[in-house]
Amino acid sequence: MYQTPYLTQKYRILRIFIHTIAGLILAALVLPWVQKDTKSTLIKWWCSRLLSAFNIQVKVFGQLPSNTAQSVLFVANHVSWSDIHALNSIVALRFISKSDVKNWPVFGYLATQANTLFIDRNKSQTAGKIVDVCSASLRDGDNLCFFPEGTTSDGQQVLPFKSSIIQAAIDANALIWPVAIRYVNIDGSLNTQMAYAGNTTMQQSIVAILNIRCPIVELHFLEPIVTTSQTRRQLTQTAYDAIVLKLDS
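Going by the numbering used here, the first residue of the sequence shown is number 1330, and it counts up by one from there.
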């Protein structure tokens, strides 16, 4: 959607620092008081500018949702923390995330202020509750997004999908919209350096991205899936197959 020229690393770090401070001010003083549409617009703007500061180029393919799209559950494979910002720069989304994201420096606070729904995967009894919360959010017109792998990979494969949250889309009669995420080099080859996976720390991930001259993330919006007449497991498998097929092509 946009492309910035190559920036020196020091200048990029300065831009990231300034924009992060702006985000903290925005999250503390503005987001709690504005209406939903305004909040979504501000979050999209902030995510777009953060990606620009990192010099990350976003390329979008496929059928984009309209600006008036509501009550859609987006599902995507998960490679990096930047997945969230890339998606949010295109579509205003409310993310479903693991609870330990709350503890991330800066980004955890920003995620909380952006109305992220947090899941504690160590407490199985919360599964039903989070499905109810997600279903209510979809009925209220929110567009949600979650990563059904439950963790990140290096982008070379898609891990098995967990299906529990898909039930929220069924209960709310919402569309499921698969998105295939791929990080590539300038020549189109797979870029595994962008992955925030394994034992990589946030600091190490940020440094790795800063050392990439022109990082590119591809967002492939695939055919939406209607939830009627399919079970939760069938819908999960359909979304998984669509994403794998696109990434293997």
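Cβ coordinates follow ideal geometry from the N, Cα and C atoms, glycine included.
As for any alpha helix (DSSP H) of minimum length 4 sitting wholly inside the region 1388-1426, the runs are 1411-1419, ordered along the chain. By the neighbour-count criterion, in which 16 or more other beta carbons inside 10 Å mark a residue as buried, residue 1358 falls on the exposed side. For residue 1545, the enclosing beta strand (DSSP E) begins and ends at 1545-1550. The criterion of a C-beta distance shorter than 8 Å is not satisfied by residue 1474 and residue 1446.
Per DSSP, reduced to three states, the secondary structure at residue 1533 is helical. Assignment of residue 1476 by DSSP, reduced to helix, strand and coil, places it in the coil class.
Sixteen is the threshold: since fewer than 16 other Cβ atoms of the shown chains lie within 10 Å of the Cβ of residue 1457, the residue is exposed. In terms of Cα proximity to residue 1501, the closest of 1510, 1460, 1544 is 1460.
Taken through DSSP and simplified to helix, strand or coil, residue 1498 comes out as helix.
Within the DSSP secondary-structure output, residue 1386 pairs in a beta bridge with 1545. Counted as a single uninterrupted DSSP element, the alpha helix (DSSP H) harbouring residue 1573 occupies residues 1561-1577. Annotation for residue 1483: 1521, 1524, 1526 place their beta carbon closer than 6 Å to its own, counting only its chain and skipping 5 residues before and after.
The shortest C-alpha to C-alpha distance from residue 1572 to any of 1506, 1530, 1394 is the one to 1506. With fewer than three CB-CB distances shorter than 8 Å, the region 1370-1380 does not count as touching the region 1532-1540. Residue 1447: member of the beta strand (DSSP E) spanning 1446-1448, first to last residue. The residues 1478, 1482, in chain order, have a CB closer than 6 Å to that of residue 1488 in the same chain once the five nearest residues on each side in sequence are set aside.
Taking a contact as a CB-CB distance under 8 Å, the pair residue 1508 and residue 1550 counts as one, their CB atoms being some 6 Å apart.
Comparing alpha-carbon positions, the option among 1562, 1565, 1548 lying closest to residue 1389 turns out to be 1548.
In this chain, residue 1504 is not harboured by any alpha helix (DSSP H); it is covered by the beta strand (DSSP E) spanning 1504-1513. Counting other Cβ atoms within 10 Å of its Cβ, residue 1448 reaches 16 or more and is therefore classed as buried.
Looking only at 1530, 1362, 1517, 1440, the smallest Cα-Cα distance to residue 1427 is reached by 1440.
Short of 6 Å from the beta carbon of residue 1403, and not among the five residues preceding or following it, lie these beta carbons of its own chain, in chain order: 1474, 1506, 1508. In chain order, 1435 place their CB closer than 7 Å to the CB of residue 1349, counting only its own chain and leaving out the 5 sequence neighbours on each side.
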